[in-house]
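In the working numbering, the protein residues as written are 5 to 199.
The block underneath contains the structure these notes are about, expressed in structure tokens.
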């Protein structure tokens with residue numbers, strides 16, 4: 005019975021992810037760019053994974069300047085960060101560390117989710133954002149992944165006029181990042197210098 009429930013949950017997630025991806029690709033996922041204050045937006049996503057992270061003994065930190073704002077769609081942003089954090093929690097071993105950071109860079113606002121998990125070998129990095137691509141199919145099945153989360157991340161970030169990527173962390177782990185346009189300055193506001 006428990007196995008049936010697990011399979012039903014996985015099938016539900018797969019169908020939901022497929023529907024999201026097909027809507028995004030067909031231009032039917034409404035992207036409404038607006039000013040996103042990053043601190044509350046990122047804190048919302050971090051709060052959602054806090055319990056499963058705590059249950060695994062993971063440390064979860066959020067580091068950014070209070071004043072940072074990006075231009076993006078709130079729902080798409082939540083889905084992007086949620087997918088990256090969900091993966092970090094799933095694949096980071098017990099006792100590991102997950103860090104979420106944001107900073108101003110020349111291209112806009114750089115957001116990253118880093119972990120000290122097993123990392124992703126160089127031969128997989130170019131394909132990691134493809135739909136259904138899995139580094140380790142057995143491990144993905146064990147933690148309940150659909151193989152579509154990172155493809156959704158890439159499509160949503162690009163729909164918000166951003167870029168996305170992955171870098172290895174030393175000595176092990178991964179750092180997934182994306183850059184969104186900085187929000188236009190409001191009256192009396194000055195942009196802090198890019199890092």
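For every residue, glycine included, the Cβ atom is placed at its ideal position computed from N, Cα and C.
query, result
"I'd like the list of long-range same chain contacts for residue 115, defined as Cβ closer than 6 Å, with 5 residues on each side in sequence excluded.", "106, 182"
"Considering just the uninterrupted stretch of the beta strand (DSSP E) at residue 184, what are its terminal residues?", "178-184"
"If you pair each beta-carbon of the stretch 29-37 with each one of the stretch 58-67, do three or more pairs fall below 8 Å?", "no"
"Counting beta carbon pairs with one atom in the stretch 40-48 and one in the stretch 78-88, are three or more of them shorter than 8 Å?", "yes"
"Alpha carbon to alpha carbon, how far is residue 117 from residue 29?", "25 Å"
"Please report the distance separating the alpha-carbon of residue 47 from that of residue 86.", "11 Å"
"Quick check on DSSP: helix, strand or coil for residue 187?", "coil"
"How would you write the range of the beta strand (DSSP E) that residue 107 sits in, first residue to last?", "101-109"
"Thinking just about the alpha-carbon of each residue, which of 180, 170, 154, 45 is nearest to the one in residue 73?", "45"
"Tell me residue 115's beta-bridge partners as DSSP assigns them.", "106, 182"
"Out of 180, 157, 31, 162, point me to the one whose CA is closest to residue 169's CA.", "180"
"Quick check on DSSP: helix, strand or coil for residue 122?", "coil"
"Between the C-alpha atoms of residue 121 and residue 58, what's the straight-line distance to the nearest angstrom?", "16 Å"
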